[in-house]
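*Asks:* 1 is the number of the first residue of the sequence shown in the working numbering; add one for each residue after it.
Just so you know, even glycine gets a beta-carbon here, dropped at the ideal spot from N, CA and C.
For clarity, every value in this text was computed on a predicted model and none was experimentally measured.
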Amino acid sequence: MSKKIIAPAALNALKEALTNVYWYKPELRSFLTYCISDPSILSRLNWSDYKRNIVSQLIDYLAKDQDTYIGDLLRLMSEVTKITDYSHLERLDDGKEKARKAKESVLALSKLYKIHDDIVQEQKEIEARRQVAFEMRMKNKGISDKLEELNKVFYELISSDDSQARGYQLEKIMKELFVLFDLDPKASFKIQGEQIDGAFTFENTDYLFEGKWQKELVGIQELDAFSGKLSRKLDNTLGLFLAVNGFSEDAVKAHSTGRRLMILMDGSDLMAVLEGRIDLIQLLLRKRRHAAQTGNIYLRLHEIL
């Protein structure tokens with residue numbers, strides 16, 4: 001039985017689409033970070049080079065070892081073909097022409113992507129098996145008992161007026177959730193006097209975690225500060241920011257442009273995980289993919305369930 005690989009024509013179409021859809025390199029890099037299973041690969045690219053060369057280097061690197069990276073290539077193709085909003089291009093000089101060219105290249109990729117139905121189906125079956133494994137884990141009594149225990153603690157905190165104790169317990173809940181879902185959490189630590197609530201690893205990517213439980217919506221200033229912490233870490237470090245009572249619209253918009261370094265989570269997301277309505281891994285995957293596809297770093301729970 002011959003090995004299934006992605007056709008060279010499809011790889012070239014992917015290069016063309018990526019080059020045309022993302023005009024600025026920070027936006028391209030942000031998209032790639034959310035789509036590639038090992039974002040450290042991006043650090044090996046010469047980001048001072050022309051955008052077309054950067055894209056070509058990446059796709060060629062992945063294509064050389066399709067046994068390892070075929071999932072990444074298919075994911076890139078899939079996410080690019082889902083792009084329908086080109087307003088970011090239309091705002092540029094000669095924007096209509098740039099948007100037209102991007103649409104045409106995405107359409108060309110879509111036609112070639114459909115030809116690879118057998119490979120796509122195989123990857124879907126792999127994802128389906130993973131989903132079954134997730135569901136089996138959720139039915140495991142050890143996990144369900146632990147979630148119930150953490151959920152009880154969380155609901156007790158809702159009625160608490162002690163903001164300091166509430167913040168400490170929130171951090172503890174999140175760390176135990178990360179342990180429960182094998183996300184390799186690290187203990188709290190300080191960097192140059194700045195408190196970072198925690199850190200974990202998800203799909204070969206290091207994440208900083210910050211959680212806030214305050215009456216007000218988390219605003220631009222807090223997300224700016226978190227983004228600053230992320231920018232001082234390695235290039236492939238991302239962030240998860242939890243605000244129990246949510247985020248201001250301005251803050252979300254401000255950090256959904258350019259190179260998107262974080263994804264956002266609120267109290268309704270946390271409650272859904274603690275109540276066993278969604279797996280934490282699935283929640284993070286959906287949020288990360290949504291950010292990559294749409295640029296929006298704040299996917300709401302009602303859009304998932």
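Quick one: complete alpha helix (DSSP H) runs, 4+ long, within the stretch 158-211?
*Replies:* 163-180
*Asks:* Got a sec, what are the start and stop residues for the beta strand (DSSP E) ASP250 sits in?
*Replies:* Run containing ASP250: none in the beta strand (DSSP E); it sits in the alpha helix (DSSP H), 249-254.
*Asks:* Counting only the same chain and skipping the five closest in sequence on each side, list residues whose C-beta sits under 6 Å from that of GLU79.
*Replies:* Short of 6 Å from the beta carbon of GLU79, and not among the five residues preceding or following it, lie these beta carbons of its own chain, in chain order: CYS35, ALA292 and GLN293.
*Asks:* For the beta strand (DSSP E) containing ALA7, list its first residue and its last residue.
*Replies:* Element bounds for ALA7: n/a, residue is neither H nor E.
*Asks:* In the DSSP assignment, the beta strand (DSSP E) including ASP266 goes from what residue to what residue?
*Replies:* 262-266
*Asks:* Can you tell me the Cβ-Cβ gap for PHE247 and TYR298, rounded? I've got them flagged as a contact below 8 Å.
*Replies:* 6 Å
*Asks:* Please determine, among ARG260, LEU284 and ILE304, the residue with the shortest C-alpha to C-alpha distance to GLY295.
*Replies:* Per the Cα distances, ARG260.
*Asks:* If MET262 and GLY239 are in contact, beta carbons under 8 Å, what's the gap, nearest whole angstrom?
*Replies:* That belief holds up - the Cβ atoms of MET262 and GLY239 are roughly 4 Å apart, short of 8 Å.
*Asks:* Quick one: measure Cβ to Cβ for MET265 and LEU242, integer angstroms, because I've assumed they're closer than 8 Å.
*Replies:* 5 Å
*Asks:* Kindly provide the ranges of any alpha helix (DSSP H) runs that are 4 or more residues long and lie completely inside the stretch 73-118, ordered along the chain.
*Replies:* 87-90 and 95-115
*Asks:* In whole angstroms, what separates the C-alpha of ILE191 from that of LEU230?
*Replies:* Bear in mind that the predicted position of ILE191 carries a pLDDT of just 42, short of 50, making it unreliable; the figure below should be weighed with that in mind. Whole-angstrom Cα-Cα distance: 11 Å.
*Asks:* Residue range of the beta strand (DSSP E) that LEU240 falls in?
*Replies:* 238-243
*Asks:* Going by DSSP, which residues form a beta bridge with VAL218?
*Replies:* According to DSSP, VAL218 bridges with PHE247.
*Asks:* Verify whether the separation of the beta carbon atoms of THR205 and LEU183 is less than 8 Å.
*Replies:* no
*Asks:* Hey, quick one: how far does the alpha helix (DSSP H) through THR294 stretch, first residue to last?
*Replies:* 280-294
*Asks:* Which residue comes first and which comes last in the alpha helix (DSSP H) that contains THR33?
*Replies:* That run of the alpha helix (DSSP H) goes 25-35.
*Asks:* Given this structure, state the Cα-to-Cα distance separating LEU305 from LYS111, to the nearest angstrom.
*Replies:* 30 Å
*Asks:* Let's test the definition: count the other Cβ atoms within 10 Å of the Cβ of LYS287 and tell me whether it reaches 16, buried, or not, exposed.
*Replies:* buried
*Asks:* For the candidate residues ASP60, TYR24 and GLN66, whose alpha-carbon lies nearest to that of TRP47?
*Replies:* TYR24
*Asks:* Give the single residue among THR84, GLY95, TYR50 and GLY167 whose Cα lies nearest to the Cα of PRO26.
*Replies:* Cα-wise, what sits closest to PRO26 is TYR50.
*Asks:* Determine the closest residue to PHE178 out of LEU285, LEU28, LEU217 and GLY198, with distance taken between C-alpha atoms.
*Replies:* GLY198
*Asks:* Closer than 7 Å by C-beta to LEU89: which residues in its own chain qualify, once you throw out the five before and the five after it? Chain order, please.
*Replies:* TRP23, GLY95, LYS98, ALA99 and ALA102
*Asks:* With ASP235 and SER43 assumed to form a contact (beta carbons below 8 Å), what rounded beta-carbon distance in angstroms separates them?
*Replies:* Rounded, the Cβ-Cβ distance is 5 Å, consistent with contact.
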